[in-house]
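Reading the sequence shown from the start, the letters are residues 1 to 893 in this note's numbering.
See structure below.
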Amino acid sequence: MKGWTTTELADDSFNDDDDDYYVDSLVRTAKNLKITVVPDITTGAQLDGQNFDGELSAEVRVWFEKFKERYNTYKQTPTARIQMKALLMKDPQPLILALKLFASCPGCTYLKNKNLALFILESVCELHNQYPLIASNCDHNTRMVAFNFIKTCGILPLYQAVIKTYELHKITELLKPKLQELLTTGHFKDAAYWSTLLNVTHIFGLFDLVFPLILQDRISLAEEFLMNAKQQQLPTVQFLDSLLDKKKTVYEHCDEIIKKYKYTDMKQNILLYRPMSKLVTRLSKKFNIDINYTPNLKYSKSSSYLHYLYRKFQEGGMSLDSWRELARDEANKSKSLQLDLIAKITKYDINEAMFWVQLYKVPIKDFPLPIQNKIQNFPTDTGEEKHNLVNVCEDILAPQEIEKMEGASCVMVHKEEYLGLQLSRDCIILIDSKPKFLEMLTYLEKHVLIAFDSEWKPAVCNDNIVSLLQLSTAEKVFLVDCLSPRLDCRLWKLLGSKIFNNLEILKIGFSLDQDIRMLHKTLPLQLNLQATSCYLDMRDLWRRLKYMPAVKFPFEQQTLGGESLSVLTELCLGKKLDKSNQCSNWANRPLRRDQLIYAALDAHCLILIYQVIADLLLRLNIDIDTLVEEITTSKSGYLFRMKSTTHSNEICKQQCRKNSSDVDKVLDFKYLRNSNVKFICDSMLVGLTKELRKIGLDCYQIFTNSDLDKCLELAKREQRFVLSRDSRSLLFRREVPINQCLQVPTDTTENQAIYLLKRFNIQIDEKDLHSRCVKCNCKDFLLATRSQVNTMRDGYMDNMKGTNESTKINHELLKRSWNLSYIDEQTLITKKTSRGKPIKVDEINQHLLKIKEFFYICNNCGICSYDGAYLIPPKVASYLRQYGSESGKWWYL
């Protein structure tokens, strides 16, 4: 750096004016600097606004300086926690000492994880849980200091702990002004936390706290606040619904309020119509608020529903009668909905729009512009302007459309491509009175197979109720009018006890969970929801048959439809179902003829499909009763998530042989050791991979397409069986020998595991259990004691007792078929396995370190496990006890 010479300093050009210039420059620079001065938290922290004396005694100050050095090196360790608690217990006022130590920490104004200040407060709160008497001499002044120290840290668990330890509920009235101050400084989140925890939510109004939280997109916090502020729930939802008035945008509705309350922190995305509509729907459902209190949301839902119905009608998913019935019922709610419906339809079909124009007698001046243009361009006989609405429609609409408008019922056109109902009219019986109902019960009790279905009117707000119940046998179909006032509760209970809860009658349906849920919700049948064995979902039977290569359906599928009933009908009966009346007004009385035919056929076709499948399996020498029993008793209950308690029955060995696929041709079905059979699971079978590794089976997992080539090469080289449960098995069959590809049933992972054990007759020994890493399939493990894991977690080696402690392990563990080696000092220092993988000791819960003596570290991925970490499912364990190796004691099961 070049310095000034004496001559230069003596130069007249460097005078007092220059000094003034430099001073002014420094002042201007200082003004432009944005320097935030963090105030001392002890300032004004006490009850009377006085400063808190945070001065430590000389002895404590010396100890604390040394403690800070150790803490900065090792962070939170059990030893550090013990030392801190010991210090606090020596002091006659541990709660005050904790606050002094807190104020002496450099990070007390900005708490974060593993922060020393946070560690001190957590320690004193834990100490209070152990010795509640330490708070006996805590006064209001100390409580106010504790609040002021952490009031804006934003850590909810700390708020909860400090409230309990310092008993802040005793100064609730004194804290109310403090909570109001939090709003003025913009700490809305903290104000919501404190007011909820202290049960003083009533001190804040809608625009004080709830709406600012919503503007900041803190929806969950606002919802939690409202759960406690019950008096604000309805006003909040009604206000938010008012923002959905489409005369203005949501932002325009909020603009005046934002300016009035001077909100600055906002998320613009929440001030859009769609997010706000979702929020009103969410809060209305959460707080059980009637839809009539939210007229704008109700209108929006109705408008969307009408649009959905018309789109479904356009796509051929609804008949004309069904569309007009449902649309008329919804649009009758308001004039604005009627005009909105007409405006939407006009964009696609003017003739259909004209039907609704005449139905609602819309004045010509309110016609949508395309209809007005069509009227103006339409020639008239007299050349005079027509003002008569009926004459205008008669001139424009086709004759068949006029017939529709006059209410003439639609003549059902027979469609050859759809399945027809072959039963006579006498076999379709409408049940709407007590005598007919009792006669139906007497008839149904004599049958062991009944198909059922239910229909209900679609509703905007999901307040659906079952309108029609169909019960079918091979000869008759009963259509029970669930809305009939002549059917009382006693009759419904009889139907529940004699038919639905009767274990001797098999009830079949398609996608039963929704029907059962609706019946249970709306009819007093008193269903036994645990009796899953007497219900058969034809979808489950269909899925099971897909994985039996010998089963071929009578007809080929001609259309795409996924796993719908219409597709299954086409496979078994050659024709699909006409579903155009499925979405219709089932609450309307009387029902149309085509509705009755659809309802009867929807239930009766299940009986026909069951008969076709039964005949098909009979020709293959497969007992359908055994297959049905396995399906209905082994799967997890779909009836309100209730699990069947009955264990599945094993299909006989003869059936297994007759259902054999190409895999069976290369197996001699002698017992295979788990070392002789290896698998590769497709990406849809991650759960199955985990279950197979638990019992010691060698199984690789395909996660992404990049793994595919590697795994297929591995399958060829090691003759591994490739498992899948979808159409990708076709790809595998092209790449590897066909006898190494297998589709597993769509079922629970434990049932899939048992399926493979049975199919390959795999014999598992007790030493194979838990011998592989469930994450990476490795069999190399390191044995670590509790103290060694603590050493690696805490970062210091004071408590290391050496490797000899490992010899205390249960010798049964050494019998497992894994490679188990003891951990060494180098591993403790580097925290890495011998293969260089980081040991994930931080993922071990602190509670486990108190109850578990030994941990097993995978040498390949560093995952830490312990006995009981991955339990074998009860059903698999039961199978292994029965069919596993007889040489072991099965000590782990």
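Positions of the beta carbon are idealized from the N, C-alpha and C atoms, including for glycine.
Quick caveat: nothing in here was measured; it's all calculated off a predicted structure.
Per DSSP, what are the beta-bridge partners of residue i in this structure?
{"i": "residue 507", "result": "450 and 535"}
{"i": "residue 430", "result": "479"}
{"i": "residue 819", "result": "780"}
{"i": "residue 855", "result": "784"}
{"i": "residue 838", "result": "832"}
{"i": "residue 455", "result": "468"}
So the alpha helix (DSSP H) residue i belongs to, where does it begin and stop?
{"i": "residue 459", "result": "Where residue 459 is concerned, there is no enclosing alpha helix (DSSP H), given that its DSSP letter is neither H nor E."}
{"i": "residue 95", "result": "94–103"}
{"i": "residue 359", "result": "350–359"}
{"i": "residue 518", "result": "512–522"}
{"i": "residue 773", "result": "No alpha helix (DSSP H) holds residue 773; DSSP gives it neither H nor E."}
{"i": "residue 254", "result": "250–261"}
{"i": "residue 896", "result": "Residue coverage of the chain in this structure runs from 1 to 893, which leaves residue 896 outside it and unanswerable."}
{"i": "residue 314", "result": "295–314"}
{"i": "residue 128", "result": "116–130"}
{"i": "residue 323", "result": "320–331"}
{"i": "residue 691", "result": "686–694"}
{"i": "residue 277", "result": "273–286"}
In whole angstroms, what is the alpha-carbon distance linking residue i and residue j?
{"i": "residue 149", "j": "residue 112", "result": "14 angstroms"}
{"i": "residue 894", "j": "residue 458", "result": "Beyond the ends of the chain as shown, which are 1 and 893, falls residue 894; an answer cannot be given."}
{"i": "residue 708", "j": "residue 776", "result": "16 angstroms"}
{"i": "residue 101", "j": "residue 174", "result": "25 angstroms"}
{"i": "residue 577", "j": "residue 195", "result": "59 angstroms"}
{"i": "residue 562", "j": "residue 702", "result": "25 angstroms"}
{"i": "residue 345", "j": "residue 245", "result": "22 angstroms"}
{"i": "residue 60", "j": "residue 250", "result": "59 angstroms"}
{"i": "residue 756", "j": "residue 691", "result": "11 angstroms"}
{"i": "residue 313", "j": "residue 305", "result": "12 angstroms"}
{"i": "residue 723", "j": "residue 763", "result": "19 angstroms"}
{"i": "residue 582", "j": "residue 564", "result": "13 angstroms"}
{"i": "residue 153", "j": "residue 827", "result": "38 angstroms"}
{"i": "residue 753", "j": "residue 688", "result": "7 angstroms"}
{"i": "residue 873", "j": "residue 736", "result": "32 angstroms"}
{"i": "residue 303", "j": "residue 239", "result": "21 angstroms"}
{"i": "residue 554", "j": "residue 615", "result": "11 angstroms"}
{"i": "residue 473", "j": "residue 418", "result": "21 angstroms"}
Starting from residue i, trace the beta strand (DSSP E) both ways and give me its first and last residue.
{"i": "residue 472", "result": "466–472"}
{"i": "residue 743", "result": "741–743"}
{"i": "residue 699", "result": "698–701"}
{"i": "residue 680", "result": "678–681"}
Helix or strand or just coil, what does DSSP make of residue i?
{"i": "residue 867", "result": "coil"}
{"i": "residue 602", "result": "helix"}
{"i": "residue 878", "result": "helix"}
{"i": "residue 794", "result": "helix"}
{"i": "residue 722", "result": "strand"}
{"i": "residue 166", "result": "coil"}
{"i": "residue 861", "result": "coil"}
{"i": "residue 50", "result": "coil"}
{"i": "residue 370", "result": "helix"}
{"i": "residue 268", "result": "helix"}
{"i": "residue 177", "result": "helix"}
{"i": "residue 106", "result": "coil"}
{"i": "residue 55", "result": "coil"}
{"i": "residue 71", "result": "helix"}
{"i": "residue 418", "result": "strand"}
{"i": "residue 576", "result": "strand"}
{"i": "residue 873", "result": "coil"}
{"i": "residue 556", "result": "coil"}
{"i": "residue 216", "result": "coil"}
{"i": "residue 347", "result": "coil"}
{"i": "residue 153", "result": "coil"}
Is there a Cβ of chain C sitting closer than 9 angstroms to that of residue i, yes or no?
{"i": "residue 478", "result": "Among the chains of the structure shown, chain C does not appear; only one protein chain is present."}
Review point. Is the region 693–702 close to the region 756–771, with three or more CB pairs under 8 angstroms?
Key: yes
Point to revise | Meets three-Cβ-pair contact criterion under 8 angstroms: the region 416–430 and the region 597–612 | key: yes
Check your understanding: Counting pairs of Cβ atoms below 8 angstroms between the region 76–83 and the region 784–794, do you hit three or more?
Key -> yes
Point to revise | the region 88–105 touching the region 117–136, judged by at least three CB pairs closer than 8 angstroms | key: yes
Practice item. Please confirm if the region 225–244 is in contact with the region 176–186, defined as three or more CB-CB distances below 8 angstroms between the two stretches. Key: no
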